[in-house]
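Visitor: If you're matching positions, the sequence shown starts at 58 in our numbering and goes up one per residue. Glycine residues also receive a C-beta, built at the ideal position from the N, C-alpha and C atoms.
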Amino acid sequence: MTLWRANSLDEAIARAESEALEYCEGLHEVDFVEFSEAFRMDGEPGEGSEVFSLMRESTLEPGDYVRQFFATGQERTG
58 MTLWRANSLD
68 EAIARAESEA
78 LEYCEGLHEV
88 DFVEFSEAFR
98 MDGEPGEGSE
108 VFSLMRESTL
118 EPGDYVRQFF
128 ATGQERTG
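1) If I measure Cβ to Cβ from C81 and keep anything under 8 Å in the same chain, skipping five residues before and after, which residues do I get?
2) If you measure between the beta carbons of A69 and A95, is that distance less than 8 Å?
3) Grouping DSSP H, G and I as helix and E and B as strand, with all else coil, what is S106?
4) In the DSSP assignment, the alpha helix (DSSP H) including D67 goes from what residue to what residue?
5) Would you report the Cα separation of E101 and E118, rounded to the nearest angstrom?
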């Protein structure tokens, strides 16, 4: 997740995608998948600031939802 000052979401995404392409060029076996999202923040970020939000409707139970979309076992964490 990166933070960009921009005049629009389109500008923020363009800047982020440019940076992602450059970043991935220097890494082996890492590709930019050409998927980006943006979240408009109000005010200056500080402790406890929300820096991203994602909401979707689902009929899945909470644990199943997390396993389906976020904890699939394929993540690189640490």
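Guide: For this structure:
1) Here residue 81 refers to the residue found at position 24 when the sequence shown is read from its first residue. When the five nearest sequence neighbours on each side are left out, the beta carbons in the same chain lying within less than 8 Å of the beta carbon of C81 are those of V87, D88 and F89, in order along the chain.
2) In the sequence shown, residue 69 corresponds to position 12, counting from 1. In the sequence shown, residue 95 corresponds to position 38, counting from 1. Contact flag set, yes.
3) Walking along the sequence shown from the start, residue 106 turns up at place 49. When secondary structure is reduced to three states using DSSP, S106 falls in the coil class, being assigned neither helix nor strand.
4) Position 10 of the sequence shown, counting from 1, holds the residue named residue 67. L66 to E82 is the span of the alpha helix (DSSP H), which, as asked, contains D67.
5) As a working note, residue 101 is residue 44 in the sequence shown. As a working note, residue 118 is residue 61 in the sequence shown. Going by C-alpha positions, E101 is about 35 Å away from E118.
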